[in-house]
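S.K.: Sending over a structure as structure tokens; questions will come in a sec.
In my numbering, the protein residues as written are 1 to 715.
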């Protein structure tokens, strides 16, 4: 009996063990992966002839998590792709950049690394800019993003391209002087330099959209993609991913330390789809979502200030803002004034005409026509540069809303703007056509004032790289630019004046409140200052009369718009030159000061003329009775002068109220600026501006009625 139970136990143990082993073998999947042969630090042979690198370690860790058995081969980049197409391997991991073209053939995992391109030169080379490559040979590996970029920009910079099968031969050609530069990924060149290669990286880097991805043939091995993504997420959460990168001297998820509690960011207020107000009256768009996500990734706080493009540019220079994110093209001229982060979007310029205008089919057809462009933009620069060549005139606009409305009403024949902006406007229902081929425009960049806030640029670059790597960047872009992207149409809510008022009454009311506060406060201060200088101007003292004349003449000789801009932007820069510190004014305060100075000069003249309108005999009679000059002015002259000046003073208040519209140029969201923001969302320019004009008319007619009533009672 004991022998029976012993034999039974052995049998059960044997069967159980075999079953467990059998289950393990069945669960284990053999995956054949191809990779590059020489792409350090991603895949290369170490001094022990063992294949190592970031891609190798990541793939081994992915296999471990998924319980796969991996068989890796290293035939080279091109051969790896051919093997995948031929079905000899299941997948490829080889520092392969995810592109739209490659997505037609392969399915990709989530990006596991985001890189940038740059050009390596010999260590002793003095070539540091793309413009210096004219007439020289530049190397690139076949089938890479570097080769594509060099081909796209060959005409622009005038170099020739030499193609290599691998990085070993390319860098050898560079070292021997056969080529002047070699374009490759930043970490690849950095690793080569660390290994003792006599190379230098002096060129600015070019961010690569998409990132690196693990690839399988399209429609096949979805389980491998799912397993890779699941394992990658686990590796990032448990720190294994960072350990692999650090092992090869590459960092991930870098973070700079914020030096401010909150960073103020200036932006445009009507540049859809990059920044605009949505149906809920909240600012949104590509720029807003990108920078907000970057701030979250890097751990710093933002305060947005949507003031318009030119006002945003001026705000940075005056110290009102720490940075600018506003679809701003990176140009050599702007690099003299601003420091830019890595480019975050590539765009083209395109010309828009009315959809009913078929007279423009080529650039020569623009002769004698008027074209619109926003001031300070790449479109403005391009049109002015070619105005004589094609014989058109350029009309400048401060915002897109007014420019688009001008095309609709026929004030201009065409306009130039960034291609995604015009395409978005067309999707919103604008009756535009784009008959001419788009013009390469360059890239958008996040900007700070030159020499300031370097940590903000560093945080932006780090965050942008992380967003590209984790796929969030593509999600944000596609949210606004994909063919099926949701648009913000006016719909039935805002296609009538009543609908606009019903949907925006609170926003319009707030704009009106700001306008009234600005007008009242500045006029009260102007009355105080104006009366003082008015009395100075009729004083027996020649010194006081001279002071009053200088004050009045200076303020009346400067246009209010110029005065407003100078106070808001000029004074902070002036104080910085004197004290070394910027003390920026907010928009409301600057507006109050400008309106006070302007209005007080005219009020001073009103007071002077009112006093002088009182018969001179009144003062003489008062003085002959023994009353001092001050008492005579207070009790005899001024009461009569007030009656005389009341109509003029009321008229001056009406003028001050209307002049508040000029303060919108520095970004204050008063009634007019409110209207511009609403139009940028619903494109109902005629109805919105008609409604804003009606609000002004009602308020001003009421003030005129009050003025007449007061004047009547004073008689």
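Where a beta carbon is used, it is the ideal one built from N, C-alpha and C, also for glycine.
Everything numeric in this text was worked out from a predicted model, so none of it was measured.
Is residue 315 helix, strand or coil by DSSP?
M.R.: Looking up residue 315 in the chain shown gives position 315. Three-state result, residue 315: helix.
S.K.: Return the CA-CA distance between residue 375 and residue 270, expressed in angstroms with no decimal places.
M.R.: The residue given as residue 375 occupies position 375 in the chain shown. The residue given as residue 270 occupies position 270 in the chain shown. If you draw a straight line from the Cα of residue 375 to the Cα of residue 270, it comes to about 14 angstroms.
S.K.: For residue 656, report the span of its alpha helix (DSSP H) as first-last.
M.R.: Here residue 656 is taken as the residue at index 656 of the chain shown, counted from 1. Where residue 656 is concerned, the enclosing alpha helix (DSSP H) stretches over 638-659.
S.K.: On the three-pair Cβ rule with 8 angstroms, is the segment 92-111 touching the segment 222-232?
M.R.: Judged by Cβ distances under 8 angstroms, the segment 92-111 makes contact with the segment 222-232, as three or more pairs qualify.
S.K.: Provide the residue span of the beta strand (DSSP E) that contains residue 443, from first to last.
M.R.: The residue given as residue 443 occupies position 443 in the chain shown. Taken as a continuous stretch (DSSP letters only), the beta strand (DSSP E) holding residue 443 covers 439-444.
S.K.: Can you tell me which of 602, 482, 141 puts its alpha carbon nearest to the alpha carbon of residue 654?
M.R.: Stepping through the chain shown from its first residue, residue 654 is reached at position 654. The shortest Cα separation from residue 654 among 602, 482, 141 belongs to 602.
S.K.: With a threshold of 8 angstroms, are at least 3 pairs of Cβ atoms found where one atom belongs to the segment 585-601 and the other to the segment 550-568?
M.R.: yes
S.K.: Once you ignore the five residues that flank residue 141 on each side, which residues in its own chain have a CB closer than 8 angstroms to its CB?
M.R.: For the purposes of this step, residue 141 is identified with residue 141 of the chain shown, where counting begins at 1. Closer than 8 angstroms at the Cβ level, and outside the excluded window around residue 141, lie 77, 147, 163, 164, 165, 166, 167, 170, 184.
S.K.: Using the three-state DSSP reduction, which class does residue 397 fall into: helix, strand or coil?
M.R.: The residue labelled residue 397 in the question sits at position 397 within the chain shown. Strand at residue 397.
S.K.: Measuring alpha carbon to alpha carbon, tell me which residue in 557, 551, 666, 387 is nearest residue 586.
M.R.: Taking the first residue of the chain shown as 1, we reach residue 586 at position 586. For residue 586, the nearest C-alpha among the options comes from 666.
S.K.: If we call anything under 8 angstroms between Cβ atoms a contact, is residue 123 one with residue 199?
M.R.: Start at 1 with the first residue of the chain shown, and residue 123 comes out as number 123. Start at 1 with the first residue of the chain shown, and residue 199 comes out as number 199. It is a contact, given that the beta carbons lie within the stated cut-off.
S.K.: Only counting the same chain, and skipping five residues up and downstream in sequence, which positions put a Cβ closer than 8 angstroms to that of residue 89?
M.R.: As a first step, residue 89 must be located in the chain shown, where it is residue number 89. So the qualifying residues of the chain are 32, 33, 34, 73, 80, 83.
S.K.: Might you give, ordered along the chain, the residues of its own chain that have their beta carbon closer than 6 angstroms to the beta carbon of residue 272, omitting 5 neighbours on each side?
M.R.: The residue you call residue 272 lines up with position 272 of the chain shown. So the qualifying residues of the chain are 424.
S.K.: Between the segment 212-222 and the segment 98-107, can you find at least three pairs of beta-carbon atoms closer than 8 angstroms?
M.R.: yes
S.K.: Tell me the DSSP secondary structure of residue 71 in three-state form.
M.R.: Your numbering for residue 71 matches position 71 in the chain shown. Note: residue 71 maps to strand in three-state DSSP.
S.K.: When you compare the segment 424-440 with the segment 352-362, are there three or more beta-carbon pairs, one atom per stretch, that lie closer than 8 angstroms?
M.R.: yes
S.K.: Do the CB positions of residue 719 and residue 93 come within less than 8 angstroms of each other?
M.R.: The shown model of the chain, from 1 to 715, leaves out residue 719, and the question about it has no answer.
S.K.: Would you call residue 718 buried or exposed, if buried means 16 or more other Cβ atoms sit within 10 Å of its Cβ?
M.R.: The requested residue 718 is not part of the displayed model; the chain covers only 1 to 715.
S.K.: Give me the DSSP bridge partner(s) of residue 122.
M.R.: Working through the chain shown from its first residue, we reach residue 122 at position 122. According to DSSP, which records beta bridges pairwise, residue 122 is partnered with 199.
S.K.: Which complete beta strand (DSSP E) runs does the segment 241-278 hold, if anything under 3 residues is left out?
M.R.: 263-267
S.K.: Identify whether residue 324 lies in helix, strand or coil by the three-state DSSP scheme.
M.R.: Counting from 1 along the chain shown, the entry for residue 324 is found at position 324. In the structure shown, residue 324 sits in a strand (DSSP, three-state: E or B).
S.K.: Tell me the DSSP secondary structure of residue 417 in three-state form.
M.R.: For the purposes of this step, residue 417 is taken as residue 417 along the chain shown, with counting starting at 1. DSSP places residue 417 in strand when its eight states are reduced to three.
S.K.: Distance check for residue 510 and residue 660, CA to CA, integer angstroms please.
M.R.: Taking the chain shown and counting its residues from 1, the one referred to as residue 660 is at position 660. Taking the chain shown and counting its residues from 1, the one referred to as residue 510 is at position 510. C-alpha separation (whole angstroms): 14 angstroms.
S.K.: How is the beta strand (DSSP E) around residue 137 delimited, first residue to last?
M.R.: The count along the chain shown starts at 1 and reaches residue 137 at position 137. Its beta strand (DSSP E) spans residues 137-141.
S.K.: Excluding the five sequence neighbours on either side, which residues of its own chain have a C-beta within less than 7 angstroms of the C-beta of residue 21, listed in chain order?
M.R.: Working through the chain shown from its first residue, we reach residue 21 at position 21. Low per-residue confidence applies at residue 21: pLDDT is 36, beneath 50, and the placement is therefore not dependable, though the value from the model is reported in the following sentence. Result list for residue 21: empty, nothing under 7 angstroms.
S.K.: Just mark residue 513 as buried or exposed, buried being the case when its beta carbon has 16 or more other beta carbons within 10 Å.
M.R.: To locate residue 513, count along the chain shown from 1; it is residue 513. Its Cβ having fewer than 16 others within 10 Å, residue 513 is exposed.
S.K.: On the DSSP letters alone, give me the boundaries of the beta strand (DSSP E) that residue 338 sits inside.
M.R.: As a working note, residue 338 is residue 338 in the chain shown. First-last of the beta strand (DSSP E) with residue 338: 338-340.
S.K.: Anyone know if the C-beta pair for residue 382 and residue 367 falls short of 8 angstroms?
M.R.: In the chain shown, counting from the first residue as 1, residue 382 sits at position 382. In the chain shown, counting from the first residue as 1, residue 367 sits at position 367. The answer is no: Cβ separation not under 8 angstroms.
S.K.: Just to confirm before moving on: does the CB-CB distance between residue 457 and residue 341 stay below 8 angstroms?
M.R.: By 1-based counting over the chain shown, the position of residue 457 is 457. By 1-based counting over the chain shown, the position of residue 341 is 341. In this structure, residue 341 lies closer than 8 angstroms to residue 457 by Cβ.
S.K.: Based on DSSP bridge pairs, tell me the residues matched to residue 91.
M.R.: Position 91 of the chain shown, counted from the start, is the residue given in the question as residue 91. Residue 91 is bridged to 33.
S.K.: How would you call residue 656, buried or exposed, if buried means at least 16 neighbouring beta carbons within 10 angstroms?
M.R.: Working through the chain shown from its first residue, we reach residue 656 at position 656. Under this definition residue 656 is a buried residue.
S.K.: What are the residues that DSSP puts in a beta bridge with residue 97?
M.R.: Along the chain shown, one-based indexing puts residue 97 at 97. For residue 97, which the question treats as bridged, DSSP gives the partners 212.
S.K.: Can you tell which of 337, 71, 606, 46 has the C-alpha that lies nearest to the C-alpha of residue 538?
M.R.: Locating residue 538 in the chain shown gives position 538, where the first residue counts as 1. Checked all of 337, 71, 606, 46; the closest Cα to residue 538 is 606.
S.K.: Is the shortest distance between the beta-carbon of residue 110 and the beta-carbons of chain D less than 8 angstroms?
M.R.: Absent from the structure: chain D. Only one protein chain is present.
S.K.: DSSP on residue 348, reduced to helix/strand/coil?
M.R.: In the chain shown, counting from the first residue as 1, residue 348 sits at position 348. It is a strand residue.
S.K.: Pull the bridge partners of residue 284 from the DSSP assignment, please.
M.R.: What you label residue 284 is simply residue 284 of the chain shown in a count that begins at 1. Note: residue 284 sits in a beta bridge opposite 276.
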